[in-house]
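Here is the structure we will look at.
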Amino acid sequence: ALEPGGYIEQLEISVVLKSDDGTVTPGSIFDRWGKISLELGDQFGKSLRTVDESRAGLEAAGFVNVVERRWKLPVGGWPADKRFKELGQYNRINWEQGIEGWSLYLLTTVMKWSKEEVEVYLAHMRTALRNRSIHAYQEVSLVYGQKPPRPRKDDDE
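Written out as structure tokens, the structure is:
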């Protein structure tokens, strides 16, 4: 258990892919992925909106001195910056290798898709993941907060 005065840290990565330059377009496979993923989480009873909920969750639990840091994690090797390009390449590999495991159970049990429908859907995702003209990223949220310290004895007097 976390001792009074101790800190907790929570890192969350959004399932929704975005772009700042309009390359993730409404109705695109990435747009559909985000909407379907959020819907699946809701129907399954597990929120996949934790990037946007974690700060409020810590505050509601009574943590103090809560701080949130956000940044964008590229998906693919599209960034000009060498460091972000490398991160994006690793993240694309993570997506390509992970999407079936992340989605197969929920798509077949909650959405009632056939395995073949899932395979076609994921093939479209993998094709888009390799498209360097799509400048997709995920929002990352790092939130930390302090469990309130025990009151000092001299504070009670």
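Residue numbers (my numbering): 3 to 159.
Glycine is no exception: its CB is placed at the ideal position from the N, C-alpha and C atoms.
Classify W80 as buried or exposed, calling it buried when 16 or more other Cβ atoms lie within 10 Å of its own Cβ.
buried
Going by DSSP, what residue range makes up the alpha helix (DSSP H) through L144?
Unbroken run through L144 is the beta strand (DSSP E), Y139 to Q148; no alpha helix (DSSP H).
For the candidate residues R154, L124 and E14, whose alpha-carbon lies nearest to that of E102?
L124
Give the secondary structure of I136 by DSSP, where H, G and I count as helix, E and B as strand, and everything else as coil.
coil
Count the other C-beta atoms from every protein chain shown that fall within 10 angstroms of the C-beta of P4, then say buried if there are 16 or more, exposed otherwise.
Inspection of the sequence shows that residue 4 is occupied by Leu rather than by Pro. By the 10 Å Cβ count, L4 comes out exposed.
What are the boundary residues of the beta strand (DSSP E) that includes L75?
V66 to P76
Is the Cβ-Cβ distance between P150 and G64 less than 8 Å?
yes
Going along the chain, which residues of its own chain have a beta-carbon closer than 8 Å to the beta-carbon of S49, five neighbours each way excluded?
G43 and E55
Please state the DSSP three-state secondary structure of V18.
strand
Sub-8 Å separation of L60 and V53 beta-carbons:
no
Could you spell out the range, first to last residue, of the alpha helix (DSSP H) harbouring K182?
For the chain, the structure presents residues 3 to 159; residue 182 sits outside this window and is missing.
Bridge partners for E9 per DSSP, in chain order?
Residue 9 is actually Tyr in this sequence, not Glu. Answer is Q148, bridged to Y9.
Looking at the secondary structure, which residues open and close the alpha helix (DSSP H) in which T52 lies?
T52 to A62
For F46, does the count of other Cβ atoms within 10 angstroms reach 16, so buried, or fall short, so exposed?
exposed
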